[in-house]
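Engineer: Submitted below is the structure of interest, expressed as C-alpha cells.
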Amino acid sequence: MSAPLSYDPQPPRPAWGVRVEPHKALSMGQGIRIAPLPRQVRVPLDLTAMRVAEAIVAPGDSILTGQVIARFPGPGGNAICAPVTGRVRDIAPCPVPVAGNYQARCISIDTAGEDRWSEDCKPLEPAGSLSRENLQARIARAGIVGLGGALFPTADKLRTRTPVNLLILNGAECEPYITCDEMLMRDRPERVIHGAAIMLRALGARQAVIAVESDMPEARLALKAALAETDEPGIGVAVVTAKYPAGGERQLIELLTGQEVPLGGLPGDLGIVCQNVATAAAVSDLFRQGRPLISRIVTVTGNGIGQPGNFEVRLGTPLRELIAAAGGYAQPDCQLYMGGPMMGIALDSDELPVTEASNCLIVSTPEEMAAPRPEFPCIRCGECSRVCPARLMPQDLLIACMAGDAERQAALQVDACIECGCCDYVCPSQIALTARFVQAKAQQRHWRLDQARAAEARERSDAHARRQAERAAQYADGPKADPASGEQAMKDLMARLGQRDPTDD
591 MSAPLSYDPQ PPRPAWGVRV EPHKALSMGQ GIRIAPLPRQ VRVPLDLTAM RVAEAIVAPG
651 DSILTGQVIA RFPGPGGNAI CAPVTGRVRD IAPCPVPVAG NYQARCISID TAGEDRWSED
711 CKPLEPAGSL SRENLQARIA RAGIVGLGGA LFPTADKLRT RTPVNLLILN GAECEPYITC
771 DEMLMRDRPE RVIHGAAIML RALGARQAVI AVESDMPEAR LALKAALAET DEPGIGVAVV
831 TAKYPAGGER QLIELLTGQE VPLGGLPGDL GIVCQNVATA AAVSDLFRQG RPLISRIVTV
891 TGNGIGQPGN FEVRLGTPLR ELIAAAGGYA QPDCQLYMGG PMMGIALDSD ELPVTEASNC
951 LIVSTPEEMA APRPEFPCIR CGECSRVCPA RLMPQDLLIA CMAGDAERQA ALQVDACIEC
1011 GCCDYVCPSQ IALTARFVQA KAQQRHWRLD QARAAEARER SDAHARRQAE RAAQYADGPK
1071 ADPASGEQAM KDLMARLGQR DPTDD
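Residue numbers 591 to 1095, in the numbering used here, belong to the letters of the sequence shown in order.
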C-alpha cells in the first residue's frame, strides 16, 4: 500500500500574485541546442559572499574537462570543476553578472578546442548501493549547486538534521521569457526523474513531487510518460496555476502542502526540501555519465536576438559567444538582461560569463522593454497588498522607508519581502517599491548590528556598575584601616630591602 499523499496534486489558485504576459513561445520553437565550445571561459570563485572558493590550480597549469580546480573550505565542501580542457591563463578579479557591478575572482582558462575528460569523470555505482553520506559526498565533489538561482550547494541541502517527508522539484517556471526548465522537462524528463530518485535516497525520504505550471501541458505529459516507464512509485507530478510568483520556494510549498515556512525558518523545519528540476537533471548526469556540473541550459530570447532558443552552454562562456550561437544581434541597439523582466538585472556588457545562476539572457530592443516612468504619490489603493505573496503591507512599508524608520520597517517584516516585483507591476503610481525594499533590507542588517552592539555596550556598562557597587559595599562593611599599622608595614618592608626609612629623619 502506497504512502498517503502529503501534497495537493492540483492546488487551488492563489489569491496573491499577478498574471503577466508570458513571452515564452519565442524561445520554444525547437529543442535544446548544444552551444559550441568557447575559446575562453572565466569561472568565478566567489559569486556570493557566502561562497568563496580556494583555487587549487595556478596560472600555466594544463587542466582537463571535469577536473576539480577549486574547493570551498570546510568538511564536505563543494568543488568547482573545469568546464573545458585547456590552460589556466590567470586568476584575477573580473566582472560577473551580479547586481551592483560586482567583481569576483575568476579562473580564466584558454580552451584547447576539444574535450579531454578527467579520469575522475566516470559513471558512478548504482545509487541504491551507496549510503546517504556517500551520495552527498559524490554530489559535493561534482560541484552541483541549486540551478534555480540561489546557488546553494545541493549536498548541503541534502544533509538535513531533521527527517524529511517530502522532496519538491520546482519546475514552476513562472517568470516571463524563461523556458529553460520547461524545455528540460519536455526533452529530458527521464533525467529529472532519475535525479529525483537519487536525491530521495540521499535524503532518506519516500516521496517526491515535480511541480509544473498549468500552461506546460507538453512537459506534464512527458514527465508522466517517463514516470510510467520507471519503478519509482514515490514520485508524482502536481500542477499549479500559471500565476507569478507561484515558482517561489515558499509560495510553492504553501500551494502544494498548505503549510507556511515561518519567517526566519527553513523548509526543512516542515520536513520539506526543495530543489530545482535542473539540479535533479545534473545529479542524474553525474551518476549516469560521471559528468560534474560544467554546463547549464540557458534561455536566449527577446526581439533583439536572431535565433531565440534554449542552449546547453559551458559555464564561464562569454555571453557574446552564446549570443553568436543564437544567431547574433538582430539590431545594434539592444539591451541585455540576465534573468526575467520581473527579477532580472540589466547588463552593461556581453563579455560577462555564463554562471550557474544564468537561466535566461534577454536581448531586448528599445521598444520591447519599457523605460522607467515617472513616479507619482501613493494613492493608498491597496493593490500592492492584494498581490503580495508574502502578505506584507507595501504601502505602509513605503512610508517607513521614506522616513528611514528602521524599527518600523522591522515591525512590518520587510525582511520577508521576496523581491518579486508584483507590487511594482500593479502600482498605478508607478512607484519603484521593490528597489526601496531591497535597500531597506540592507539597512536592516546594519540596524540590527548596531542594536546588538548597543545591547552589548549596555551589558558591559551594567556589569561595571555592579562591580563598583560590590566593591563599595565591601569597603563600607569591612574594618577601617589603622594608620599606625600602615607605617609599621612600610618600616618592615624597608628593613627587608636594607634601606633606611625616610620617616626616621
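Beta carbons: idealized from backbone N, C-alpha and C, even for Gly. The structure presented is a predicted model; accordingly, all values stated were derived computationally and were not measured.
(1) In terms of DSSP beta bridges, what is Asn900 paired with?
(2) Taking only the alpha-carbon atoms, compute the straight-line gap between Ser592 and Asp598 and give it to the nearest angstrom.
(3) Tell whether a beta-carbon distance below 8 Å holds between Asp1014 and Leu1023.
(4) Would you say Gly861 and Thr744 are within 8 Å of each other, going by their C-beta atoms?
(5) With three or more beta-carbon pairs closer than 8 Å as the criterion, would you say the stretch 837–855 touches the stretch 686–697?
(6) What does the alpha-carbon distance come out to for the pair Cys671 and Leu654?
(7) How about Leu584 and Val867: are their beta carbons less than 8 Å apart?
(8) Would you identify the three-state DSSP class for Trp1037, choosing helix, strand or coil?
(9) Please state the DSSP three-state secondary structure of Ser719.
(10) I need the DSSP call for Asn760, collapsed to helix, strand or coil.
(11) What three-state label does DSSP hand Asn724 in the structure shown?
(12) Which residue's Cα is closest to the Cα of Val953: Val782, Val888, Cys1010?
(13) Alpha carbon to alpha carbon, what distance is there between Ala717 and His784?
(14) I'd like to confirm the pairing. Which residues does DSSP put opposite Gly826 in its beta bridges?
(15) Mark Met1080 as exposed unless 16 or more other C-beta atoms lie within 10 angstroms of its C-beta, in which case mark it buried.
(16) Are the beta-carbon atoms belonging to Leu714 and Leu876 less than 8 Å from one another?
(17) Tell me whether the stretch 598–608 and the stretch 1004–1021 touch, counting them as touching only if at least three CB pairs, one residue from each stretch, are closer than 8 Å.
(18) Between the stretch 614–625 and the stretch 895–903, do three or more beta carbon pairs fall short of 8 Å?
(19) When the Cα of Ala787 is compared with those of Arg1050, Ile768, Ile825, which residue comes out closest?
(20) Checking 8 Å against the spacing of the C-beta atoms, do Ala947 and Gly739 come in under that value?
(21) Report back the beta-carbon spacing between Gly929 and Asn949 to the nearest angstrom; my notes put them in contact at under 8 Å.
(22) Where in the stretch 654–734 do unbroken runs of the beta strand (DSSP E), each at least 3 residues long, occur, reported from the N-terminal end onward?
(23) Identify the continuous beta strand (DSSP E) that holds Val782 and give its terminal residues.
(24) For a quick check, are the C-beta atoms of Pro766 and Pro967 less than 8 Å apart?
(25) Measuring alpha carbon to alpha carbon, tell me which residue in Leu725, Ala762, Gly761 is nearest Lys747.
(26) Spell out the partners DSSP gives Gln630 in its beta bridges.
(27) Count the other CB atoms, across all protein chains shown, that sit within 10 Å of the CB of Gln657; report buried if there are 16 or more and exposed otherwise.
(28) Per DSSP, what kind of secondary structure is Gln620 in: helix, strand or coil?
(29) Taking the alpha carbon of Gly1099 as the point to measure from, which residue in Cys711, Met773, Cys764, Val827 has its own alpha carbon closest?
(30) When DSSP builds the beta bridges, which residues end up paired with Met928?
(31) If you drop the 5 nearest sequence neighbours on each side, which residues of the same chain put their C-beta closer than 7 Å to that of Ala574?
(32) Quick one: any contact between the stretch 975–991 and the stretch 1021–1041, if contact means 3 or more CB pairs under 8 Å?
(33) Taking just the CA atoms, how far does Gly794 sit from Cys711?
(34) Under the rule that 16 or more other beta-carbon atoms within 10 Å means buried, what is Pro979, buried or exposed?
(35) What residues in its chain sit with their C-beta under 8 Å from that of Arg796, if we drop five residues either side in the sequence?
(36) Could you tell me the alpha carbon to alpha carbon distance between Gln1058 and Gly736, rounded to whole angstroms?
Structural biologist: Quick look at the numbers:
(1) Thr889
(2) With a pLDDT of 47 at Ser592, under the threshold of 50, the modelled position of that residue is not reliable, and the figure given next carries that caveat. Whole-angstrom Cα-Cα distance: 16 Å.
(3) yes
(4) no
(5) no
(6) 9 Å
(7) With the chain running from 591 to 1095 in the structure shown, residue 584 is simply not present.
(8) helix
(9) helix
(10) strand
(11) helix
(12) Val888
(13) 10 Å
(14) Val799
(15) exposed
(16) yes
(17) yes
(18) yes
(19) Ile825
(20) yes
(21) 7 Å
(22) 658–661, 669–671, 676–685, 693–701
(23) First-last for Val782: 779–793, but that is the alpha helix (DSSP H), not the beta strand (DSSP E).
(24) no
(25) Leu725
(26) Asp700
(27) buried
(28) coil
(29) Since the displayed the chain opens at 591 and closes at 1095, residue 1099 lies outside it and no answer follows.
(30) Ile935, Leu951
(31) With the chain covering only 591 through 1095, there is no way to say anything about residue 574.
(32) yes
(33) 26 Å
(34) buried
(35) Ala593, Asn755, Leu790, Gly824
(36) 55 Å
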